Every structure is written in C-alpha cells, then in structure tokens.
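In this note's numbering, the protein residues as written are 211 to 528.
Ideal Cβ placement from N, Cα and C applies to all residues, glycine included.
The structure presented is a predicted model; accordingly, all values stated were derived computationally and were not measured.
What follows is a single structure, written as structure tokens, with notes after it.
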Amino acid sequence: MSVYRNAVWLVKGLQEYTKSGYEAAAKHFVPADLDVNLSGRSFMITGANSGIGKATAQEIANRGGIVHIVCRNKDRAEAAKDEIVERSKNQNVHVHIVDMSIARQVWEFAQSFSQTDAVHVLINNAGCMVNQRELTEEGLEKNFATNTLGTYILTTALIPALKKVQDPRVVTVSSGGMLTQKLNVDDLQCEKGTFEGTAVYAQNKRQQVILTERWASQHKEIHFSSMHPGWADTPAVQTSMPSFHAKMQSKLRTEAMGADTVVWLAAAAAAVKQPSGLFFQDRKAVATHLPLASSRSTPQEEEKLLAALEEFALKFKP
Ligand SMILES: NC(=O)c1ccc[n+]([C@@H]2O[C@H](COP(=O)([O-])OP(=O)(O)OC[C@H]3O[C@@H](n4cnc5c(N)ncnc54)[C@H](O)[C@@H]3O)[C@@H](O)[C@H]2O)c1
211 MSVYRNAVWL VKGLQEYTKS GYEAAAKHFV PADLDVNLSG RSFMITGANS
261 GIGKATAQEI ANRGGIVHIV CRNKDRAEAA KDEIVERSKN QNVHVHIVDM
311 SIARQVWEFA QSFSQTDAVH VLINNAGCMV NQRELTEEGL EKNFATNTLG
361 TYILTTALIP ALKKVQDPRV VTVSSGGMLT QKLNVDDLQC EKGTFEGTAV
411 YAQNKRQQVI LTERWASQHK EIHFSSMHPG WADTPAVQTS MPSFHAKMQS
461 KLRTEAMGAD TVVWLAAAAA AVKQPSGLFF QDRKAVATHL PLASSRSTPQ
511 EEEKLLAALE EFALKFKP
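Okay, here's the thing in structure tokens:
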C-alpha cells in the first residue's frame, strides 16, 4: 500500500505542489481577500525566523497585525524581527524564545503569554524532519516532540485565551506528505522497525490533520484549519531533503507562495466562511486521503492518539 500511496502522491505533487501548480491555482484566487487591515489583531507564529513562517510574519506585519514570533535561537529570531520591521515599518513584532521540542518550555511559554497578551490567531508552523532517531532532553523522539506534541501543547494551552477574543483562528502548517500515511498510534516514539525520517515526518503531519479535525469538533468558537504549503524552497527542504531539493530546485515554490494559504487562512474573511477543521491547499479545502489509499483511521484510533498526547502533555506540565 505504501508504494501505491507514494506513487500516486508523487504524480499529484509534480502537478500541484510545484511553482507551476501554484501559478495555475492562483488564477482562481480573489486578490481582494488579502486587502485587509490587521491592526489590533495578534498573531503568534512558531518557527518564524525562516522559510514559510517568516514569509507569513512579513505579510501579517505588512498589514498592520501584532506579530509574535516564537523561535528557538535568539540571534536568528532578532535578525528576522529586524528584517520584518524594516520592510513593514510595523514596530509591533515581538520575539519569544521557545524550543518547541521541549514540552515543559512550551507549557511555560503558553501559560505566561496568556496571562499578559491576547492571541487572535495561532499559526503552528515550526516543524522539522530529523532523519536519524534522536531524543530530546525529555527523552522524546525529536520529530514527534516538535511536530506533534509541541503543536498539541501550545494549541491546547492557548485555547482558553483564544476563546476570549473575536474571530479566533488556529492554522497548522501540515504537509501533503501526510497523504502517504495512515495514523499509527502504536509507535508514537518510533521504536519499532527501521527509522525513516520522511515517513516519521509524514506521520506527524497526519497527526496534525487529525488533531485539527478533533479540535474543530470540540471547540466550535474557534476556527481551525490545517494546510499544505506546496513544495517551497526553504532551509528545511535544503537541509533535510538535499537530493529532492537538488532535483526539484527549479520547480519549487518561493517561500511567499508557500505562505500564501497560511496568510489567507489567518487573515481573510473568506477563510472563516469555510467550515472549521478542514485541510487546505492553495486557498481551497482539499481531500485528506488519496483515492483507494486505505488511509482512514477509526474514531477509536483517533481517541487513542488524543489520550496519548494528553498523557505526554500532562507528564511535562509545570
Ligand atoms: N517547504 C516545504 O516544501 C514544505 C512542505 C510541506 C510542509 N512544510 C512545513 O512548513 C513548515 C515550515 O517549514 P519551512 O519549509 O518554512 O522550513 P524552515 O526550516 O524555514 O522553517 C521551519 C522553522 O521551524 C523552526 N523550528 C524547527 N524546530 C523547532 C523547535 N524545536 N523549536 C522552535 N522552532 C523550531 C525552524 O527554526 C524554522 O524557523 C514546517 O512545518 C514544514 O513541515 C514545508
């Protein structure tokens, strides 16, 4: 089955996820959707010192939003902030230093942030594809800790604050790669079989899509969406997938093209006219399963994922 899924997905990717796929889709965009003034609205963006996250932060700052960038490395975060401020002339850009793979840090940050600041839109963008099985200082597999557990803790910890504001939204930057995976709750720490970074990453991205659906059904006051940015030329693709990057370089999207649907979901009025919980690509809700891929999970498997994440999260709650 995985050979079938990978083959169908690659053909789809070559048509849709590339720069030409973006240009074809963009012909149907409504440009006025992003003619918005975001002053007074607060956007938290994880992993915003580079790539899609930084391009998103720039677009939001350009429209007057209050931008909170959540990054691991202080120097890189400050440099990104300076660039965003310089280009947008918007001084309302704030840096927060958090390692999203360390559950305790994510908890502490979310709790202290919600005591002092408001958040209207949370953008879960930070992500990684670590190709060897590596453990965090808390003993968790690093891809899972960053992509799934970090996203889970930050989102659930901010839900009470999101419920206090007007038009709250959560956008999670997943990946079309998740289409190759069926949810697997039996090996969240990747202890069984051979470790393959791309598959582990895609499994985490599937988990993000399921979390988005679950959160949408549990918290009706908040608009949740997950999305695929397409294949964009970013540091993550250059370092984690060097041979894919070398082969595809001329066909990859720019970072701004990758960020377009994130910005649209975070800022456009049209986005919240769509139901909550869907998966987007190029400003359109798209299927979360390939045809005949047998990748659907049962409600019991999804409940098991949520219960496991809750258990991990509570273990590290300060
Ligand atoms: N570029 C693509 O083609 C593509 C395709 C599908 C999905 N994505 C997703 O887009 C998102 C952004 O990736 P990108 O391609 O812009 O790459 P990127 O490397 O530029 O961005 C990833 C960001 O996440 C940050 N990050 C990683 N681990 C972190 C941690 N532990 N704590 C805090 N921050 C951390 C990085 O520092 C970086 O700023 C990711 O979630 C990625 O999975 C990208």
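Distances from the CB of C338 to the heavy atoms of ligand 1 include at least one below 6 Å. Contact annotation: the segment 474-482 touches the segment 379-387, with at least three C-beta pairs closer than 8 Å. A contact is defined here as three or more CB-CB pairs under 8 Å, and the segment 478-487 fails this definition with respect to the segment 444-454.
Inter-residue distance for K457 and L224 is about 12 Å (C-alpha atoms, whole angstroms). Three or more beta-carbon pairs separated by less than 8 Å link the segment 255-275 to the segment 286-296, which places the two stretches in contact. Sequence-distant Cβ neighbours of N341 in its own chain, meaning closer than 6 Å and more than five residues away, are G407. By the Cβ-count criterion, T449 is exposed, with fewer than 16 other Cβ atoms from all chains shown falling within 10 Å of its own Cβ. Around the C-beta of T365, 16 or more other C-beta atoms lie within 10 Å, and the residue is accordingly described as buried. For V280, the beta-bridge partners assigned by DSSP are T256, H306. As far as DSSP is concerned, T498 takes part in no beta bridge. Under a 10 Å Cβ-count criterion, R463 is classified as buried, with 16 or more other Cβ atoms of the shown protein chains found around its own Cβ. Between the segment 344-364 and the segment 293-305 there are fewer than three inter-stretch CB-CB distances shorter than 8 Å, so the stretches are not counted as touching.
Note that the segment 422-442 touches the segment 491-504; at least 3 beta-carbon pairs, one per stretch, sit closer than 8 Å.
Between I420 and L393, the C-beta gap is smaller than 7 Å, which places the two residues in contact.
Assignment of beta-bridge partners to V380 by DSSP yields L332, F434.
The beta carbon of F405 is closer than 8 Å to those of Q342, R343 in its chain, skipping five residues each way along the sequence.
L350: not part of any alpha helix (DSSP H); DSSP gives it neither H nor E. Sixteen is the threshold: since fewer than 16 other Cβ atoms of the shown chains lie within 10 Å of the Cβ of Q510, the residue is exposed. Where L488 is concerned, there is no enclosing alpha helix (DSSP H), although the beta strand (DSSP E) around it starts and stops at 488-491.
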